[in-house]
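Chemist: Structure in structure tokens, see below.
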Amino acid sequence: MTDPLLERLDPRAFGEIARHVLDAPTFEWIRSGSGSEFGGDNEAAFARRRLRPAVLVDVSSVRTATTLLGASVSAPVAVGPMGLQRAVHPDGELAMAAGAARAGSLFVVAVNATTSIEEIAAAEPGLPLWFQLYNWDDRDALAGVIGRAEAAGCRAIVPLVNTPLGVNHTSPRIGFRLPAGARFAHFETSPGLIASNTWEYLAWLRSVTSLPIVPKGIMTAADAARAVDAGAAGIIVSNHGGRQLARSVSTLDALADVVHGAGGVEVYLDGGVRSGGDVLVALALGARAVLIGRPVLWGLALGGAAGVARVLDTIRQELAEDAGMCGIVDVAAVPRDLVVDATG
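Heads up, the final residue of the sequence shown is numbered 345 in the numbering used here, and it's a clean run with no missing numbers.
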């Protein structure tokens, strides 16, 4: 799809358009959740929130730029970790990285990427990168990929802590497969998952890397406090996009508790963010930033790097507009009383 056409389309429609661009197995692999797909609650949680604006404030200039663990970004929005991106677009993670760089964002690279962290870092040297891990049962292999991420210039390690078991979130009947020529870039044979990890896992990670550890999948205040005690430099509130525990509470509903448990550590929210207004709600409830998943995959499918940048730029522009309409001149100072739960 050409850039002019992308500019004329509403990015919120990208998912439905992608249904006609991608083959059915790939579309369903992106769209689906586990079990009966309660993961849609992530979006519904945002739909319940309303904004309470202040007026007669000079909002002729609204600042959206911020930092994530010291890395400068144009808005409190990052690309979340998603693997197998060459199944979505021939350029895969390289196009995702290019789009994120164009939008001034940050990219969390998945360990099950189809492009290596070395290639991504070389292609976009100015793009801040974090590196996501699964809880493999082979710690030598984990240490190896962590070393590669460090050498490539990654700024943080993101261990998934809410995937002790492998859950098939896409029905095998769908028949999703990697396209011909695509391969996993960080391993030849996928190690298994280990279900016996405890908080010692974070201590082990700290022993093998000097990079900040940002566990992804924290959903309670108690676990947030434990993560900080174990050395976490940041926390990502995530239910894996509804692709693990089907009846998980929404990430937005968990956010305030996690922020409380985390003390002053930066907290990021993953799941259900579809607009700049959603970002503003998350910031008001204590998030430092949000991670975007499916929307940028739909953008990747339709327009490669341009499609990714279009999604991220639109969300940033909407954030600036909604913040201005609420009398907020800097998204780093969103008042906590901005948000109202419409359900009472």
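In this text, a Cβ means the ideal position worked out from N, Cα and C, and glycines have one as well.
State yes or no: is the C-beta of Val340 within less than 9 angstroms of the C-beta of Val63?
Modeler: Residue mapping note: residue 340 aligns to position 339 of the sequence shown, counting from 1. Residue mapping note: residue 63 aligns to position 62 of the sequence shown, counting from 1. No; because the gap between Cβ atoms is not below 9 angstroms, this pair is not in contact.
Chemist: Please go through the same chain and pick out, in chain order, the residues whose beta-carbon is closer than 7 angstroms to the beta-carbon of Gly105, but skip the five residues on each side of it.
Modeler: Along the sequence shown, read from residue 1 onward, the residue named residue 105 stands at position 104. Within the same chain, Gly105 has close Cβ partners Val74 and Ser75.
Chemist: Just list the residues that DSSP pairs Leu339 with in beta bridges.
Modeler: In the sequence shown, residue 339 corresponds to position 338, counting from 1. In the DSSP output, where bridge partners are listed per residue, Leu339 has none listed.
Chemist: Would the beta-carbon of Leu292 fall within 9 angstroms of that of Val274?
Modeler: Walking along the sequence shown from the start, residue 292 turns up at place 291. Walking along the sequence shown from the start, residue 274 turns up at place 273. A contact, by the Cβ cut-off of 9 angstroms.
Chemist: Would you kindly work out how many angstroms separate the C-alpha atoms of Leu128 and Pro213, rounded to a whole number?
Modeler: Indexing the sequence shown from 1 puts residue 128 at position 127. Indexing the sequence shown from 1 puts residue 213 at position 212. Answer to the nearest angstrom: the Cα atoms are 17 angstroms apart.
Chemist: Which whole-angstrom value is the C-beta distance of Ala123 and Leu130, which I expect to be below 8 angstroms?
Modeler: Along the sequence shown, one-based indexing puts residue 123 at 122. Along the sequence shown, one-based indexing puts residue 130 at 129. About 11 angstroms; that fails the 8 angstroms criterion.
Chemist: Quick check: what's the CA-CA separation for Ser249 versus His241?
Modeler: On the sequence shown, residue 249 is found 248 positions in, with the first residue counted as 1. On the sequence shown, residue 241 is found 240 positions in, with the first residue counted as 1. Computed Cα separation, rounded: 10 angstroms.
Chemist: Just grab the DSSP bridge partners of Phe132 for me.
Modeler: Here residue 132 refers to the residue found at position 131 of the sequence shown. For Phe132, which the question treats as bridged, DSSP gives the partners Val110 and Ile158.
Chemist: Consult DSSP for Trp205 and reduce its assignment to one of helix, strand or coil.
Modeler: Along the sequence shown, one-based indexing puts residue 205 at 204. It is helical.
Chemist: Which class does Thr344 belong to by DSSP, given the choice of helix, strand or coil?
Modeler: The count along the sequence shown starts at 1 and reaches residue 344 at position 343. Correct three-state label for Thr344: coil.
Chemist: Quick check on the burial criterion: 16 or more other C-beta atoms within 10 angstroms. Buried or exposed for Arg337?
Modeler: In the sequence shown, residue 337 corresponds to position 336, counting from 1. Exposed.
Chemist: Would you kindly work out how many angstroms separate the C-alpha atoms of Ala307 and Arg32, rounded to a whole number?
Modeler: Translated into positions along the sequence shown, residue 307 becomes position 306. Translated into positions along the sequence shown, residue 32 becomes position 31. Near 21 angstroms, if we compare the C-alpha coordinates of Arg32 and Ala307.
Chemist: Gly100: which of Leu134, Leu303 and Asp342 sits nearest, CA to CA?
Modeler: Working through the sequence shown from its first residue, we reach residue 100 at position 99. Cα-wise, what sits closest to Gly100 is Leu303.
Chemist: Does DSSP put Phe39 in a helix, in a strand, or in coil?
Modeler: The residue given as residue 39 occupies position 38 in the sequence shown. Since pLDDT at Phe39 reaches only 49, below the 50 mark, its modelled position is unreliable, and the value read off the structure follows with that caveat. In the structure shown, Phe39 sits in a helix (DSSP, three-state: H, G or I).
Chemist: Does the separation of the CB atoms of Ala149 and Ser117 fall below 9 angstroms?
Modeler: Taking the sequence shown and counting its residues from 1, the one referred to as residue 149 is at position 148. Taking the sequence shown and counting its residues from 1, the one referred to as residue 117 is at position 116. In the sequence as presented, Ala is not what sits at residue 149; that position holds Arg. Their beta carbons are under 9 angstroms apart, which means Arg149 touches Ser117 by this criterion.
Chemist: Going straight from the alpha carbon of Arg50 to that of Thr252, what length do you get?
Modeler: Your numbering for residue 50 matches position 49 in the sequence shown. Your numbering for residue 252 matches position 251 in the sequence shown. Rounded to whole angstroms, Arg50 to Thr252 spans 13 angstroms at the Cα level.
Chemist: So for Arg64, helix, strand or coil by DSSP?
Modeler: Residue 64 sits at position 63 when you count from the first residue of the sequence shown. In this structure, Arg64 counts as strand in the three-state DSSP scheme.
Chemist: Given a cut-off of 9 angstroms, decide if Pro82 and Val110 are closer than it, judged by their beta-carbon atoms.
Modeler: In the sequence shown, the residue the question calls residue 110 occupies position 109. In the sequence shown, the residue the question calls residue 82 occupies position 81. Yes, the pair counts as a contact, with Cβ atoms nearer than the cut-off.
Chemist: For Leu179, name the three-state secondary structure that DSSP assigns.
Modeler: Against the sequence shown, residue 179 aligns to sequence position 178. It is coil, neither helix nor strand.
Chemist: Going by other Cβ atoms of all chains shown within 10 Å of its Cβ, with 16 needed for buried, is Ser208 buried or exposed?
Modeler: Locating residue 208 in the sequence shown gives position 207, where the first residue counts as 1. It counts as exposed.
Chemist: Measure the Cβ-Cβ separation of Thr115 and Gly93 and say whether it is below 9 angstroms.
Modeler: As a first step, residue 115 must be located in the sequence shown, where it is residue number 114. As a first step, residue 93 must be located in the sequence shown, where it is residue number 92. Yes, the Cβ-Cβ distance between Thr115 and Gly93 is below 9 angstroms.
Chemist: Using only alpha-carbon positions, find the residue among Ile236, Val162, Leu23 and Ala324 that is nearest to Val335.
Modeler: Your numbering for residue 335 matches position 334 in the sequence shown. For the residues Ile236, Val162, Leu23 and Ala324, the minimum Cα distance to Val335 belongs to Ala324.
Chemist: For the alpha helix (DSSP H) that contains Glu322, what are its first and last residues?
Modeler: Translated into positions along the sequence shown, residue 322 becomes position 321. Per DSSP, Glu322 belongs to the alpha helix (DSSP H) from Arg295 to Met326.
Chemist: Which complete alpha helix (DSSP H) runs does the segment 227-281 hold, if anything under 4 residues is left out?
Modeler: Listed in chain order, they are 252-263.
Chemist: Helix, strand or coil: how does DSSP classify Val80 here?
Modeler: Residue numbering aside, residue 80 sits at position 79 when the sequence shown is read from its first letter. In this structure, Val80 counts as strand in the three-state DSSP scheme.
Chemist: What number of angstroms, rounded off, separates the C-alpha of Ala183 from the C-alpha of Gly264?
Modeler: Locating residue 183 in the sequence shown gives position 182, counting from the first residue. Locating residue 264 in the sequence shown gives position 263, counting from the first residue. The alpha-carbon atoms of Ala183 and Gly264 are separated by roughly 42 angstroms.
Chemist: Given that a residue counts as buried once 16 or more other Cβ atoms are within 10 Å of its Cβ, and exposed if not, what is Gly262?
Modeler: Along the sequence shown, read from residue 1 onward, the residue named residue 262 stands at position 261. Flag for Gly262 reads buried.
Chemist: Assuming Leu85 contacts Asn113 under a Cβ cut-off of 8 angstroms, what Cβ separation, rounded to an integer in Å, is found between them?
Modeler: Within the sequence shown, residue 85 is the residue found at index 84, counting from 1. Within the sequence shown, residue 113 is the residue found at index 112, counting from 1. That pair is a contact at about 6 angstroms.
Chemist: What does a CB cutoff of less than 6 angstroms around Gly193 pick up in its chain, not counting 5 residues either side in sequence?
Modeler: Position 192 of the sequence shown, counting from 1, holds the residue named residue 193. Within the same chain, Gly193 has close Cβ partners Asp138.
Chemist: Measuring alpha carbon to alpha carbon, tell me which of Ala343, Leu143, Glu319 and Ala283 ends up nearest Asp11.
Modeler: As a position in the sequence shown, residue 11 is number 10, starting the count at 1. It is Glu319.
Chemist: Answer yes or no: do Thr27 and Phe177 have a C-beta to C-beta separation smaller than 9 angstroms?
Modeler: To locate residue 27, count along the sequence shown from 1; it is residue 26. To locate residue 177, count along the sequence shown from 1; it is residue 176. Yes; because the gap between Cβ atoms is below 9 angstroms, this pair is in contact.
Chemist: On a Cα-Cα basis, can you pick out the residue from Tyr202, Pro216 and Asp141 that is closest to Leu161?
Modeler: In the sequence shown, residue 161 corresponds to position 160, counting from 1. Out of Tyr202, Pro216 and Asp141, Pro216 has the C-alpha closest to the C-alpha of Leu161.
Chemist: With burial defined as no fewer than 16 other Cβ atoms inside 10 Å of the residue's Cβ, what is the status of Leu6: buried or exposed?
Modeler: The sequence position of residue 6 within the sequence shown is 5, counting from 1. Burial call: exposed.
Chemist: Rounded to whole angstroms, what's the CA-CA distance from Val89 to Ala228? Just pull it up for me.
Modeler: For the purposes of this step, residue 89 is taken as residue 88 along the sequence shown, with counting starting at 1. For the purposes of this step, residue 228 is taken as residue 227 along the sequence shown, with counting starting at 1. The straight-line gap from Cα to Cα measures roughly 34 angstroms.
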